[in-house]
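Start counting the sequence shown at 80; every next residue gets the next number (this note's numbering). Even glycine gets a Cβ: it sits at the ideal position worked out from N, Cα and C. All values derive from a computational prediction rather than experimental measurement.
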Amino acid sequence: MDMAKRAEELRTQLNHYSDLYYDQDAPAISDAEYDILMQELKSIEAEHPDLIHPDSPTQKVGGTAKRAAGVLVAHRIPMLSMQDLFSREEVDHFVTDCQEKLGEDTTFLVETKIDGLSMSLRYENGKLVTALTRGDGRNFGEDVTANAKVIKDVAVKLKKKLEYLEVRGEVYMTNAAFDAVNERQELLGKKTFANPRNCAAGTLRQLDASITKERDLSFFVFNIQDIRGMDLDTHEEAYTFLKECGVTVIGHYWVCKDREEVWKAIEVIGEMRGSLPYDIDGAVVKVNELNARSQLKDTAKNAGYQVAYKYPPERKESKLLEIELSVGRTGKITPTAIFEPVRLCGTTVSRCTLHNQDYITNLGICLGSTLLIEKSGEVIPKCVGVVSEKQPEGAAVFQIPMVCPVCGEPAVREDTADIKCVNLSCPAQLERLIGHFVARDAMDIKGFGAVYVHDLIQEGYLSDVADIFTLHEHREELIEKGIIGKEKNTDKLLGVIEKAKGNPPARLLTGLGISNVGKSAAQALMNHFGSFDALSAATEEEMTAIDDIGPISAHCVYTYFRQERNQKVIQKLKEAGVNMAQEIILQQTEGLPLSGQTVVITGTLEGMSREEAADLVKQNGGKVTGSVSKKTTFLLAGEAAGSKLTKAQELGIPVLSLEEFLEKIKPE
C-alpha cells in the first residue's frame, strides 16, 4: 500500500468529517467510525513521521472558530482535546506512565464524558463576564455570553467572591429536553435535529437568547482553567470548592489510587451509561493533583494530564418479531423493529427504528431475521445488520406497504428515501398541520399554542384547519372544560381567530400546508390569480407561467384542489367567512433598480429584519431566493453570514452590505 497516498486520503476524509461535526453540527458518520479512521492515520504517522502534515486532524484540536452568536474572543488558556484510548492496556499504560513520572502516590479522577460541546466561563469579582466556545481550541472561541446566561445550570454570580475564576465545562441536552425540541420542530414543520449534541451546538450559537432558554440546555463544569484568590491541591478539592460557589459540576466521578481502581471506575460508568438521562461517549481519566499536571507534556492537540476511554460498541443478536409502522406529524411512515428483549448498556431493549425502505433493503431484513443490535455509547439502540446464516429460509426482504397505516390513504415516495402519507387530514399529522396553520408565517393566530392544538384535537373540536373558525360555536363548553382557560383567555383567543378571518388570502394558502408552497409561492399565486376560486380552476401550465412557481409546486397545488377532502375544507372556510380573494397585483418591474435581478439575503442586518429587506428587494423589482447559485445577482450579507457568504465568494457573486444595498436602490 502507498502509505503517503493513504495518509492523504485519511486526512481529507477526517478533515471533512471534522468540519461537519464541529462547524456544521451535522455529523455524517458515527463516533466509532470516525475513531477507526483516526486510529489508522495515527498508526501510519507513527510509523512514518515524515508523513505528518500541519493540517492533519491528528495535529488539530477541533473545528474552526467562527462568528455566530457573538464575536471571536482570544483564549487565555487553551481548550485542548484528549487522547482517545480503546483498551485496558492503553489505560493501564497511561496510569503507570503518570505514576512513574509523578510518583507512586499520584491519584486519578475518573468521570463520565458527556456528549456535548465545551464552553469556558470567566468570572471577575464573582460575576460572569464572558462565555466562550472551544472554537479552534488554541487561539479563538465564539463569544456566547448572552446565551450562557439563560442556561439554568450556569451560575451568573458566584456565592464566593473571587478576583478571577475561569472554568471549563460541557453544554449538553438531556434526552427529555431533546425530544421536546424535536416535537416542537415537527409541529412547526421544521427540520428536526439528528441528536442532542447537534441540537445543543446549534442552540448555543443562536442569535436569539430566548430560543436558547426555551430549548432547556444543561451545563456542568469539569475543570478549573485559572483561579486567583484561592489555592487548591486536587481536582476533587476543586469540585468541592466549586459546589460551595454555586457552580454545577459533573455528577459522577471517582478518585482512584491505582490502575485497578481506575479500570473498575470505567466499568461502573460503562454499566450505568444506558440508565443516564443524557448521552455519554466515554469516560475521562485525569491526574487528580493539580500542581503535578504541568510536568506532563501537552501535544499540539491533546492535554497531557488526561485521556478519554471510548467504550467498544456493545452488540447482541435478537430475533425480529414484527415491524411496526407509525406515521409522524410530517406524514413520514417510520418502520420500527420489535425484537426479543436483550440487555445493552445496562438497560433492556426490544425495539429500534429501521428508518426507511432503503435501510431495510440494504441490510436484507426479513420478518424472522436475527438482527444485530448495538449501542455505541448511546441511549438509542440501532440495528447494524443481520446474521446471514440465521436468515429464515425462503423469506423475502420486508417491503413497507404504500398505504398509510393510520388513515388508509395511498402513500407516496417522492425524491427522498421516505415514504409519506399525503393526506393532510390524517389524524397522525393533523396536529402538525394545525400548528403550521396558526403559526406566524401563516395565519398568525397569536396565543394558539401547541398545547391548545393538542387538547382541542383530543377533545374532538378540531378535525381540520377549518374547524378553528367554528370554535366560537362551542364557547360555553370550552370555558366549562377549561381547555383554553377561563372566560377571559377563551374570549381573547376567539377574538384573535375572528380577526384572522380577514387576513390576506396568501396567508391562508400558506397555512394549508400544501407541499412545496411556502410564503413566497403563495404570495405569487394570489397576486396572479386573485382568488381561491380562480386558483382552483387554473391548470398546471398557467401556474408555471408565473415567476417563482416551478412544475413541482404547480403540480402540488393542482392536485390539492382536486382532492375531495380538501374541497370540503375549502368550502368550510368559505362558509366561516374566511377571506379568500384580493385584488390582482401585476407588479411592473421594468425600470426599477433591481429589475430582473435575483438576490439572496443572509446574516443579521443592523436595524432591519430580513423580511423588511426582502420587501425592499421586491418593491424595487427584484426577486429573493433562499440559496446562492450562479443565477444570483448579489448577496446581501449582514453579521454572521455563514455558509452562504462562503458560497458566494467561491462563485464570485458580488457581496453587498446593507449600506451598499440601500445606496443601490436609492432613487436617482
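Bridge partners - Met659, DSSP secondary structure assignment = Per DSSP, none; premise fails for Met659.
Beta carbon of Asn370, beta carbon of Glu315: below 8 Å?
-> no
Using DSSP with H/G/I as helix, E/B as strand and the rest coil, what is Ala362?
-> strand
Where Lys653 falls: helix, strand or coil (DSSP) = Note: Lys653 maps to helix in three-state DSSP.
Based on the DSSP output, what are the partners of Tyr357 in its beta bridges?
-> DSSP lists no partner for Tyr357.
Rounded C-alpha distance that separates Ala280 from Gly195 | Ala280 and Gly195 have their C-alpha atoms roughly 8 Å apart.
Note down the Cα distance separating Ala83 from His515, rounded to an integer number of angstroms.
-> Answer to the nearest angstrom: the Cα atoms are 54 Å apart.
With DSSP as the reference, please indicate the residues paired to Gln385 in a beta bridge.
-> Lys365
Runs of alpha helix (DSSP H) wholly within the segment 552-636 (minimum 4 residues, chain order) | Listed in chain order, they are 554-560, 566-579, 584-590, 598-608, 611-616 and 619-623.
Where Thr752 falls: helix, strand or coil (DSSP) = Given that the chain is displayed from residue 80 to residue 747, the structure contains no residue 752 and the question cannot be resolved.
Whole-angstrom Cβ separation of Lys565 and Ile558, contact assumed at under 8 Å?
-> The Cβ separation is near 7 Å, so the contact holds.
May I ask which residues mark the beginning and end of the alpha helix (DSSP H) holding Gln537?
-> Counting along the chain, the alpha helix (DSSP H) containing Gln537 begins and ends at Ala529 to Gln537.
Considering only residues of the segment 199-271, which uninterrupted alpha helix (DSSP H) runs meet the minimum length of 4 residues and lie entirely inside it, listed in chain order?
-> 224-227 and 254-266
Any idea if Pro275 is buried or exposed, counting beta-carbon neighbours within 10 angstroms, 16 or more meaning buried?
-> buried
Please state whether DSSP places Val648 in a helix, a strand or coil.
-> helix
Which word fits Arg155, buried or exposed, when buried means at least 16 other C-beta atoms lie within 10 angstroms of its C-beta?
-> Exposed is the call here.
What is the DSSP secondary structure of Thr143, counted as helix, strand or coil?
-> With a pLDDT of 45 at Thr143, under the threshold of 50, the modelled position of that residue is not reliable, and the figure given next carries that caveat. Here Thr143 sits in coil by DSSP.
What separation, rounded to the nearest whole angstrom, lies between the Cα atoms of Lys121 and Lys380?
-> When rounded, the distance between both Cα atoms is 13 Å.
Given a cut-off of 8 Å, decide if Leu188 and Tyr332 are closer than it, judged by their beta-carbon atoms.
-> yes
Taking Thr291 as part of the alpha helix (DSSP H), name the residues at either end of that continuous run.
-> Ala288 to Glu293
Do you know offhand how far Gln661's Cα is from Phe608's?
-> 9 Å
With DSSP run on the structure shown, which of helix, strand or coil describes Gly149?
-> Reliability of the predicted coordinates at Gly149 is poor, the pLDDT of 48 falling under 50, and the value obtained from them is presented with this limitation in mind. Coil, per DSSP.
When DSSP labels each residue in this structure, what does Pro414 get in the three-state scheme?
-> For Pro414, the secondary structure class from DSSP, reduced to helix, strand or coil, is strand.
Within 10 angstroms of its Cβ, does Lys525 collect 16 or more other Cβ (buried), or is it exposed?
-> exposed
Check the C-beta distance from Cys500 over to Ile562 and give it rounded, since I have them as a contact under 8 Å.
-> In fact, because the Cβ distance is near 27 Å, the residues do not count as touching under 8 Å.
Tell me, to the nearest whole angstrom, how far the beta carbon of Leu423 is from that of Pro460; I am working on the premise that it is less than 8 Å.
-> 6 Å
Just the C-alpha distance for Ser405 and Pro414, rounded to the nearest angstrom, thanks.
-> 7 Å
Opposite Val334 in the DSSP bridges: which residues?
-> Leu188
Taking just the CA atoms, how far does Glu472 sit from Glu643?
-> 45 Å
Does the beta-carbon of Gln385 have 16 or more other beta-carbons within 10 angstroms, so that it is buried, or is it exposed?
-> By the beta-carbon neighbour count (other beta carbons within 10 angstroms, threshold 16), Gln385 is buried.
Inter-residue Cα distance where the pair is Leu834 and Ala362 | The structure shown does not extend to residue 834, since the chain spans only 80 to 747, so no value can be given for it.
Just confirm the distance between the C-beta atoms of Leu715 and Val707, as a whole number of angstroms; I'd bet it's less than 8 Å.
-> Wrong, their Cβ atoms sit about 11 Å apart, outside the cutoff.
Candidates Arg519, Gln436 and Glu468, of which the one nearest Pro480 by Cα = Gln436
Buried or exposed for Ala144, please, with buried defined as at least 16 other CB atoms from any protein chain shown within 10 angstroms of its CB.
-> Since pLDDT at Ala144 reaches only 40, below the 50 mark, its modelled position is unreliable, and no value is offered.
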